[in-house]
């Protein structure tokens with residue numbers, strides 16, 4: 845259960861990375877700039893978008909690994925419990 849919470853937090857972090865990019869884009873659209881300033885701002889926006897993409901990719905990979913590990917642990921716990929029930933059902937020899 846704890847691992848699933850961590851996974852959801854990671855996914856929320858990925859979603860929150862895109863908010864600054866949207867804000868920056870809206871600000872650039874509203875402010876009148878010269879052509880050079882606009883190009884410089886567009887480059888900065890592109891760099892920020894690339895960085896956000898890389899960070900979200902890493903966060904998603906991390907969340908995937910954690911979710912996979914949580915699934916393994918749950919499956920192992922299920923199998924252990926199933927074997928324990930089988931041993932209880934067998935008559936003593």
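Residue numbers (the working numbering): 845 to 937.
For every residue, glycine included, the Cβ atom is placed at its ideal position computed from N, Cα and C.
- Task: Please work out which residues of its chain come closer than 8 angstroms, Cβ to Cβ, to residue 926, disregarding the five sequence neighbours upstream and downstream, and give them in chain order.
- Result: Numbered from its first residue, the chain shown carries residue 926 at position 82. Closer than 8 angstroms at the Cβ level, and outside the excluded window around residue 926, lies no residue.
- Item | CA-to-CA distance, residue 922 to residue 890, given in whole angstroms | Locating residue 890 in the chain shown gives position 46, counting from the first residue. Locating residue 922 in the chain shown gives position 78, counting from the first residue. Those two C-alpha atoms are separated by around 47 angstroms.
- Query: Under 7 angstroms from any heavy atom of the ligand ATP, does the C-beta of residue 880 make it?
  - Reply: The ligand ATP is not among the ligands present in this structure, which contains no ligands whatsoever.
- Message: Could you compute how far the alpha carbon of residue 884 sits from the alpha carbon of residue 893?
- Response: One-based indexing of the chain shown puts residue 884 at position 40. One-based indexing of the chain shown puts residue 893 at position 49. Their backbone Cα atoms lie some 14 angstroms apart in a straight line.
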